[in-house]
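Protein chains in written order, with the numbering used here: chain E, 279 to 475; chain L, 279 to 475. First up is the structure itself, then whatever we jot down about it.
2 protein chains.
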Amino acid sequence: MGIEPIQTLASRLARLPGIGNKSALRLAYHILDMSEDGAKELADAIINARSKVQACKICGAYTDVDPCAICSDKSRRKDIICVVAEAKDVLAMEKMREYHGQYHVLGGVLSPMNGIGPSELRIDELLKRIKEQGVSEVIIATNPDVEGEATSSYIARIIKQNGVRVTRIAHGIPIGGNLEYIDEMTLFKAIEGRREI
Amino acid sequence: MGIEPIQTLASRLARLPGIGNKSALRLAYHILDMSEDGAKELADAIINARSKVQACKICGAYTDVDPCAICSDKSRRKDIICVVAEAKDVLAMEKMREYHGQYHVLGGVLSPMNGIGPSELRIDELLKRIKEQGVSEVIIATNPDVEGEATSSYIARIIKQNGVRVTRIAHGIPIGGNLEYIDEMTLFKAIEGRREI
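Here it is in structure tokens:
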């Protein structure tokens with residue numbers, strides 16, 4: 279027995295990340311039990327987010343106004359740019375509330391296996407901004423995995439040729455982390471990045 | 279920094295069962311990365327399911343035609359009714375493919391703490407169907423928890439007064455289950471329901 283509208287909804291939900299067939303069906307049943315208004319609000323929120331949110335033309339972050347609130351905020355420092363791989367990384371950084379410079383979203387990381395080379399990333403735009411904005415420091419905040427590190431090294435080399443200071447965010451034991459359960463790579467980074475106290 | 283359409287979508291998604299704030303945000307980002315068509319299909323599926331799926335007027339199961347496919351299937355036995363608590367339980371039973379009788383959805387279980395008494399459940403409709411359809415057996419398939427058992431006993435007592443056979447689905451060790459890890463209540467049910475081999 280297949281009730282078509284339920285099956286269709288469940289199969290669409292099952293395409294979302296982290297939602298298997300069983301959870302998709304459970305969510306579909308929940309939606310059936312929602313008020314008609316509640317279901318409409320959820321559907322509208324999906325359409326709205328998809329249609330109104332775009333990439334900022336300057337930094338590439340998610341925004342519903344262009345340029346984004348960060349790029350057009352005159353109180354933020356223009357001489358420092360934090361380079362991240364994905365648009366969502368900007369929101370993660372902003373949650374910290376301690377960084378008051380600009381951002382630049384690469385739109386991915388170098389990945390020769392997947393055919394992503396330097397020209398697929400927003401590297402030229404970054405170099406252009408560095409020159410035009412009079413940037414004095416670029417903080418590279420790609421993830422500490424193989425591709426993130428390779429992307430970081432590649433970009434750092436190019437930028438340093440322009441005489442601009444390049445830094446990398448620190449990697450080490452997370453706050454609340456326990457030495458016993460930390461992987462060797464993180465421990466290595468923690469020792470390597472040790473600082474005088 | 280709050281990008282309103284993303285925040286709204288994430289907060290709507292976080293109202294779904296089993297989806298916390300972090301997963302909701304992750305799903306929202308995924309939806310931003312979907313094609314415009316993909317996002318529209320998901321939104322439409324939600325609206326469609328909510329508006330087209332209703333409760334069958336006879337049995338109370340989810341359906342997009344009324345009466346539902348099961349109630350109007352002439353090849354199914356009319357003299358046997360399986361009583362379940364929720365509409366979704368019908369779909370779970372049907373997956374088994376071995377039951378060819380009718381269903382009756384109660385719309386919940388007796389729960390005095392939550393103000394759900396016999397009149398809040400579709401018990402009168404069940405008694406009416408039993409009389410009008412010439413039912414000879416009622417299988418009670420509410421869940422084996424306190425409320426499900428109480429509901430089962432209550433309904434069984436009423437139906438037996440009408441001279442109709444009432445049965446309860448078996449409870450015991452699930453297939454693939456391991457004695458070592460089974461809770462005492464299930465073990466007790468398994469012993470209590472033991473059969474000659």
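C-beta atoms are modelled at their ideal positions from N, C-alpha and C, and glycine is treated no differently. Only a predicted model underlies this, so the values are computations on that prediction, with no experimental measurement involved.
Beta-carbon gap between residue 383(L) and residue 418(L) smaller than 9 Å: Taking the first residue of the second sequence as position 1, residue 383(L) is located at position 105. Taking the first residue of the second sequence as position 1, residue 418(L) is located at position 140. No, they are not a contact pair.
Check whether the region 284 to 295 of chain E and the region 298 to 308 of chain L are in contact - that is, three or more C-beta pairs closer than 8 Å. yes
How would you label residue 340(L), buried or exposed, when you count the other beta carbons within 10 angstroms and need 16 or more for buried? Taking the first residue of the second sequence as position 1, residue 340(L) is located at position 62. Residue 340(L) should be labelled buried.
At a Cβ cut of 7 Å, what residues of the region 290 to 311 of chain E count as close to chain L, listed as they run along the chain? The region 290 to 311 of chain E vs chain L, Cβ under 7 Å: 290, 294, 295, 296, 301, 304, 305, 306, 307, 308, 309 and 310.
On a CA-only basis, which of 469(L), 447(L) and 448(L) is nearest residue 457(L)? Give me that one, please. In the second sequence, the residue the question calls residue 457(L) occupies position 179. Nearest option by C-alpha distance: 469(L).
Just to confirm, does residue 300(L) get its C-beta within under 8 Å of one of the non-hydrogen atoms of the ligand GTP? By its list of ligands, the structure shown contains no ligand whatsoever, and the ligand GTP lies outside what it can speak to.
With a threshold of 9 Å between beta carbons, is residue 326(L) in contact with chain E? Walking along the second sequence from the start, residue 326(L) turns up at place 48. Interface residue, yes.
Any idea what DSSP makes of residue 377(E), helix, strand or coil? Mapped onto the first sequence, residue 377(E) falls at position 99. Reduced to three states, the DSSP call for residue 377(E) is coil.
Could you tell me which uninterrupted alpha helix (DSSP H) segments, each at least 4 residues in length, are contained entirely in the region 351 to 431 of chain L, listed from first to last along the chain? 365 to 373 and 401 to 411
Selection from 310(E), 475(E) and 453(E) that minimises the alpha carbon distance to residue 365(L): For the purposes of this step, residue 365(L) is taken as residue 87 along the second sequence, with counting starting at 1. Ranking the options by Cα distance to residue 365(L), first place goes to 310(E).
As assigned by DSSP and simplified to three states, the class of residue 288(E): Translated into positions along the first sequence, residue 288(E) becomes position 10. Correct three-state label for residue 288(E): helix.
So with Cβ pairs under 9 Å, would you call residue 431(L) a contact of chain E? Position 153 of the second sequence holds residue 431(L). Residue contact with chain E for residue 431(L): absent (no Cβ-Cβ distance below 9 Å to any residue of chain E).
Among 393(E), 401(E) and 441(E), which has the Cα closest to the Cα of residue 412(E)? Stepping through the first sequence from its first residue, residue 412(E) is reached at position 134. Per the Cα distances, 441(E).
Would DSSP call residue 446(E) helix, strand or coil? One-based indexing of the first sequence puts residue 446(E) at position 168. Here residue 446(E) sits in strand by DSSP.
Residue 321(L) by DSSP, collapsed to three states: which one? Taking the second sequence and counting its residues from 1, the one referred to as residue 321(L) is at position 43. DSSP places residue 321(L) within a helical segment (H, G or I) once states are collapsed to three.
For residue 332(L), which beta-bridge partners are listed by DSSP? By 1-based counting over the second sequence, the position of residue 332(L) is 54. In DSSP, residue 332(L) forms a bridge with 341(L).
Which value, in whole angstroms, describes the spacing of the CA atoms of residue 464(L) and residue 471(L)? Within the second sequence, numbered from 1, the residue matching residue 464(L) stands at position 186. Within the second sequence, numbered from 1, the residue matching residue 471(L) stands at position 193. Cα to Cα, the separation comes out at about 10 Å.
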